[in-house]
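Asker: Last residue of the sequence shown? That's 713 in the working numbering, and every number before it is there in order. Can you keep this structure in mind? I'll have questions shortly.
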Amino acid sequence: MEQELSQDVSFKPLTEWDKEPTVNDLKKDLQEATPDHQDQTQKIEEWLDNLNVTGSAKVNAPRGRSRIVPKLIRKQAEWRYAALSEPFLSTDDMFKAKPVTWADKEGALQSQTMLNSQFNFDIDKVKFVDEYVRTGVDEGTIICKVGWEFEEEEYIAPLFELVEDPNSAPLHQELDRLLQTVPAEYYASVPEELQDAHTAFQEDGIPYVPRQVPGKTVKKSRTLVNRPTVEVCDYRNVIIDPTCKGDIDKASFVIYSFETSMAELEKDPKYTNIDKINVNNSSPLAEPDHATENTTNFTFSDEARKKVLVHEYWGYWDIDGSGTVKPIVAAWVGNTMIRMEENPFPDQKPPFVVVQYLPKRRSIYGEPDGALLDDNQKVMGATLRGIIDIMGRSANGQMGMRKDALDAVNKRRWRNGENYEFNGNVDPRQGMYMHTFPEIPNSAMTMLQTMNMEAESLTGVKSYSQGVSGQALGDVAAGVRGALDAASKRELGILRRLSNGLCEIGRKILAMNAEFLDEQEVVRMTDEQFVVIQRDKLAGTYDIKLDIATAEEDDKKAQELAFMLQTMGNNMDPGMSQVILADIARLRKMPALAHKIANYQPQPDPMQQREQQLTVEKLQWEIEELRSKVNENNTDAQLNTAKAAKTQAETDKENLDFVEQESGVHQERELQKMGAQAQAQTEMKREEYRLKAVEDDRKELKKYLNQSAA
């Protein structure tokens with residue numbers, strides 16, 4: 004009866020799709036993929052047994068014999084952990100976002116700032132990177148699940164209305180200045196109602212002030228949590244499509260099982276049919292293939308806190324019968340479907356990132372170093388147990404004595420540490436024998452050393468004693484350098500695969516940021532600097548990269564830069580020296596010092612600065628003096644030129660007069676002048692005579708007229 008009810012519940016549609024998959028449909032994929040998943044699980048469990056010397060790695064020796072197993076794989080892994088995690092944790096700006104086009108430049112800068120801030124503050128970066136690296140080193144495969152956590156609460160706030168107030172114009176001008184210069188402080192310190200008033204002022208230009216409406220309130224919601232999440236999954240709880248041929252993007256489905264409680268399911272709005280779940284039959288302990296987090300048999304008595312097992316299906320399904328699959332996500336508990344919707348993430352892909360430590364061709368899973376060192380650890384264990392058995396089974400420290408070496412009285416003295424007498428017929432050097440540890444054969448020590456060297460050459464890990472050497476390449480500097488470079492390159496190759504996985508995680512989070520963040524986010528850069536991130540500017544196409552390097556490479560670069568700085572000496576420009584010093588500090592893992600050096604501005608000596616000012620003024624006055632002398636010289640030159648021109652004119656005139664005197668031109672001109680004067684005088688006399696005749700005629704006419712009138 005209970006099974007029939009579960010089947011009815013599982014077939015109840017949660018969507019309006021034409022072909023909504025049922026729980027049984029999704030469980031078929033789970034059942035078909037389980038055998039391949041179990042094969043890989045057994046391999047990883049064997050690797051972990053060898054790493055931790057548990058399970059199958061333990062030795063069942065007879066009583067009295069050594070059971071020790073050397074932790075060769077664990078030793079190699081411990082040397083790997085810090086070397087692989089430090090490149091990611093040595094800087095605060097782990098991600099670099101580069102724009103693909105020029106239009107994405109501003110968005111790339113804001114996306115980079117937001118992504119680094121989320122990993123520094125929202126995600127426990129140290130814990131995540133350590134678990135990320137250790138999982139890869141121990142298990143060979145890292146499976147990360149990227150998600151988004153959102154939580155908000157409702158609260159009652161006073162109701163405000165906007166009232167026009169011309170006297171508030173200076174206030175809005177100050178708010179506008181604050182918004183333009185320090186936007187982070189504006190959004191953090193200015194009350195919400197005043198921000199609304201300023202927004203209305205910017206839209207219509209009318210100054211408003213908020214005024215509380217008496218006795219009225221409004222229900223509002225505020226965001227408590229809105230951030231990305233990254234989880235390193237247990238390999239036993241993630242089943243990947245075995246036909247994907249090593250590419251997670253080609254997987255048709257990924258099934259993830261996790262534990263939760265009824266209260267948590269009720270709290271999350273994306274789950275439905277919570278009341279139809281059979282809690283007693285959905286316990287994680289009832290599912291043998293799931294790796295439970297509870298190592299004991301403890302269970303809660305109330306249903307609200309009881310743990311239930313949820314299977315989450317991320318894949319592709321033909322939901323409309325068109326023959327084209329679409330990305331979906333479904334979740335079920337037991338036989339009850341509690342979630343069914345299209346993939347809510349922007350990239351429309353399952354939120355899983357798979358990273359291989361040592362990749363295997365056409366396999367989604369990788370291998371750890373332990374897969375290479377299994378035989379070496381077993382051979383070393385057998386050799387070491389033989390050595391311990393040789394030493395442990397010896398009568399070390401015991402002393403044997405011939406029966407006739409001492410009589411009863413002297414034997415008692417010997418035991419008490421007193422002087423004693425020995426029998427004359429027995430040499431005490433031959434009659435007494437001290438047992439010691441037997442000498443270990445050189446072949447055993449050679450075998451241990453050979454296995455150590457073989458393990459180091461397989462993994463490329465350098466030990467603290469001898470480590471990887473260049474003896475195989477010749478006992479010369481070039482051989483040693485070649486061996487060390489090979490080890491560094493191998494470590495760098497592992498780092499690149501790990502960084503590629505983190506880049507893929509960064510791309511997924513960037514896509515989520517453009518969709519799920521608030522319209523404005525205030526990001527703290529330093530203790531005194533805050534940046535406002537606009538969500539609409541995060542959309543774009545960016546190239547995510549991580550700057551990684553091994554300690555050996557950083558040390559080599561730092562030495563080369565130091566040699567360059569030493570070679571140039573005082574001939575180098577101070578600004579260029581500052582750049583090189585900042586790079587050296589960064590490579591030496593001193594980011595604070597690198598920042599100080601890069602932003603250092605030398606403060607000049609006041610006396611030296613005053614001396615420089617006086618020197619500049621002196622040079623200015625000297626230049627002015629030279630200019631005045633040049634002007635004076637130009638004036639003198641012009642005066643001399645004028646005098647020379649006048650002298651030349653006078654000389655030319657004198658020369659012309661001399662020529663005219665000699666040629667008679669002057670006399671001719673004088674004659675012409677005199678003739679002209681005589682002619683003019685004659686004409687003047689004639690005019691005077693004519694005028695006098697006219698005057699006489701006028702007088703005669705006037706006299707005649709007077710007589711006629713009388």
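We put the beta carbon where it would ideally sit given N, CA and C, even for glycine.
1) Terminal residues of the continuous alpha helix (DSSP H) containing W20?
2) In chain order, what residues of the same chain lie with their CB nearer than 6 Å to the CB of L584, ignoring the 5 residues before and after it?
3) Using the C-alpha atoms, what's the distance from D321 back to E19?
4) Tell me the DSSP secondary structure of H438 in three-state form.
5) Let me know the beta strand (DSSP E) ranges lying completely inside the region 642-669, each 3 residues or longer, listed in chain order.
6) Take every Cβ of the region 347-356, pair it with every Cβ of the region 47-59, and state whether three or more of those distances are shorter than 8 Å.
7) Under a three-way DSSP split, which group does F425 fall into?
8) Where does Q359 sit, in a helix, a strand or coil, going by DSSP?
9) Whole angstroms are fine: how far does the CA of E494 sit from the CA of Y316?
10) Based on the DSSP output, what are the partners of R225 in its beta bridges?
11) Using the C-alpha atoms, what's the distance from N170 back to V216?
12) Given a cut-off of 9 Å, decide if R591 and D546 are closer than it, judged by their beta-carbon atoms.
13) Run the CB neighbour count on R510, radius 10 Å, all protein chains shown included, and call it buried at 16 or more, exposed below.
14) Quick one, which of G389, V662, P291 and S325 has its alpha-carbon nearest Q41's?
15) Counting pairs of beta carbons, one from the region 225-238 and one from the region 133-148, are three or more of them closer than 8 Å?
16) What residues are listed by DSSP as bridge partners for A333?
17) For L387, write down the residues that DSSP places opposite it in a beta bridge.
18) Is F163 near V228, with beta carbons less than 9 Å apart?
19) Output the distance between the C-alpha atoms of I626 and P607, rounded to the nearest integer angstrom.
20) What separation, rounded to the nearest whole angstrom, lies between the Cα atoms of F122 and Q615?
21) Count the C-beta pairs between the region 67-85 and the region 256-275 that are closer than 8 Å, then say yes if the count reaches three, no if not.
22) Would you list the residues sitting across from F256 in a DSSP beta bridge?
23) Three-state secondary structure (DSSP) at V185?
24) With L361 and E370 assumed to form a contact (beta carbons below 8 Å), what rounded beta-carbon distance in angstroms separates them?
25) Could I get the ranges of all uninterrupted alpha helix (DSSP H) runs contained in the region 87-142, with 4 residues as the minimum, in chain order?
26) Among the candidates I159, R180, Q401 and T618, whose CA atom is the shortest distance from the CA of M437?
27) Applying the 10 Å Cβ sphere with the 16-neighbour rule, what's the burial state of G1?
28) Could you check the C-alpha separation between D28 and T386 for me, to the nearest Å?
29) Can you give, in chain order, each stretch of the alpha helix (DSSP H) that sits fully within the region 619-643 and has at least 4 residues?
30) By the 10 Å Cβ neighbour count, where 16 or more other Cβ atoms means buried, how is I508 classified, buried or exposed?
31) Run through DSSP, which three-state label would V744 get?
32) Just the Cα atoms here: how many angstroms apart are T449 and S366?
33) What residue from L118, T295 and H293 has the CA that sits closest to K99's CA?
34) Since I497 contacts A447 with CB under 8 Å, what's their CB separation in whole angstroms?
35) Can you check whether the CB of E663 is closer than 9 Å to the CB of R672?
36) Checking the sheet assignment: what are the DSSP bridge partners for L549?
Answerer: Well, looking at it:
1) For this step, residue 20 is matched to residue 17 along the sequence shown. First-last for W20: undefined, no H or E at that position.
2) To locate residue 584, count along the sequence shown from 1; it is residue 581. Only I600 meet the Cβ criterion.
3) The count along the sequence shown starts at 1 and reaches residue 19 at position 16. The count along the sequence shown starts at 1 and reaches residue 321 at position 318. Put simply, the backbone Cα of E19 is about 13 Å away from that of D321.
4) By one-based count along the sequence shown, residue 438 stands at place 435. For H438, the three-state secondary structure derived from DSSP is coil.
5) Complete beta strand (DSSP E) runs here, min 3: none at all.
6) Fewer than three Cβ pairs drawn from the region 347-356 and the region 47-59 lie within less than 8 Å of each other, which leaves the two stretches out of contact.
7) Locating residue 425 in the sequence shown gives position 422, where the first residue counts as 1. In the structure shown, F425 falls within a coil segment according to DSSP collapsed to helix, strand and coil.
8) The count along the sequence shown starts at 1 and reaches residue 359 at position 356. It is a strand residue.
9) Along the sequence shown, read from residue 1 onward, the residue named residue 316 stands at position 313. Along the sequence shown, read from residue 1 onward, the residue named residue 494 stands at position 491. Cα to Cα, the separation comes out at about 36 Å.
10) Here the question's residue 225 lines up with position 222 in the sequence shown. The beta-bridge partner set that DSSP reports for R225 consists of E156.
11) Walking along the sequence shown from the start, residue 216 turns up at place 213. Walking along the sequence shown from the start, residue 170 turns up at place 167. Going from the Cα of V216 to the Cα of N170 covers about 21 Å.
12) Position 543 of the sequence shown, counted from the start, is the residue given in the question as residue 546. Position 588 of the sequence shown, counted from the start, is the residue given in the question as residue 591. Taking 9 Å as the Cβ cut-off, D546 and R591 do not qualify as a contacting pair.
13) Here residue 510 refers to the residue found at position 507 when the sequence shown is read from its first residue. Buried is the call here.
14) By 1-based counting over the sequence shown, the position of residue 41 is 38. Looking at the Cα atoms, P291 is the closest of the given residues.
15) Yes, the region 225-238 touches the region 133-148.
16) Within the sequence shown, the letter at position 330 stands for residue 333. Y316 and M343, per the DSSP bridge assignment.
17) Here residue 387 refers to the residue found at position 384 when the sequence shown is read from its first residue. In the DSSP output, where bridge partners are listed per residue, L387 has none listed.
18) Taking the first residue of the sequence shown as position 1, residue 163 is located at position 160. Taking the first residue of the sequence shown as position 1, residue 228 is located at position 225. No, these two residues do not count as a Cβ contact at 9 Å.
19) To locate residue 626, count along the sequence shown from 1; it is residue 623. To locate residue 607, count along the sequence shown from 1; it is residue 604. CA-to-CA, the gap between I626 and P607 works out to about 26 Å.
20) Taking the sequence shown and counting its residues from 1, one reaches residue 122 at position 119. Taking the sequence shown and counting its residues from 1, one reaches residue 615 at position 612. Cα to Cα, F122 sits roughly 50 Å from Q615.
21) Verdict: no, contact absent.
22) The residue given as residue 256 occupies position 253 in the sequence shown. DSSP lists G318 as the beta-bridge partner residues of F256.
23) Residue 185 sits at position 182 when you count from the first residue of the sequence shown. It is coil, neither helix nor strand.
24) To locate residue 361, count along the sequence shown from 1; it is residue 358. To locate residue 370, count along the sequence shown from 1; it is residue 367. Confirmed, about 4 Å.
25) Counting whole runs of 4 or more residues, the region 87-142 contains the alpha helix (DSSP H) stretches 108-120 and 128-142.
26) Numbered from 1 along the sequence shown, position 434 holds the residue referred to as residue 437. Cα-wise, what sits closest to M437 is Q401.
27) Nothing can be reported for residue 1: it is not among the residues displayed for the chain, which extend from 4 to 713.
28) Here residue 28 refers to the residue found at position 25 when the sequence shown is read from its first residue. Here residue 386 refers to the residue found at position 383 when the sequence shown is read from its first residue. Cα to Cα, D28 sits roughly 54 Å from T386.
29) If we require 4 residues or more, the region 619-643 turns out to have no alpha helix (DSSP H) run fully inside it.
30) For this step, residue 508 is matched to residue 505 along the sequence shown. Classification of I508: buried, given that the 10 Å Cβ count is 16 or more.
31) The chain is shown only over 4 to 713; residue 744 falls outside these bounds and no answer can be derived.
32) In the sequence shown, counting from the first residue as 1, residue 449 sits at position 446. In the sequence shown, counting from the first residue as 1, residue 366 sits at position 363. Roughly 38 Å between the two C-alpha positions.
33) Numbered from 1 along the sequence shown, position 96 holds the residue referred to as residue 99. Selected option, being the one with the closest Cα: L118.
34) Position 494 of the sequence shown, counted from the first residue, corresponds to residue 497. Position 444 of the sequence shown, counted from the first residue, corresponds to residue 447. About 33 Å separates the CB atoms of I497 and A447; that is not less than 8 Å, and the two are not in contact.
35) Indexing the sequence shown from 1 puts residue 672 at position 669. Indexing the sequence shown from 1 puts residue 663 at position 660. When the beta-carbon positions are compared, R672 and E663 come within less than 9 Å of each other.
36) The residue labelled residue 549 in the question sits at position 546 within the sequence shown. Bridge partners of L549: F98.
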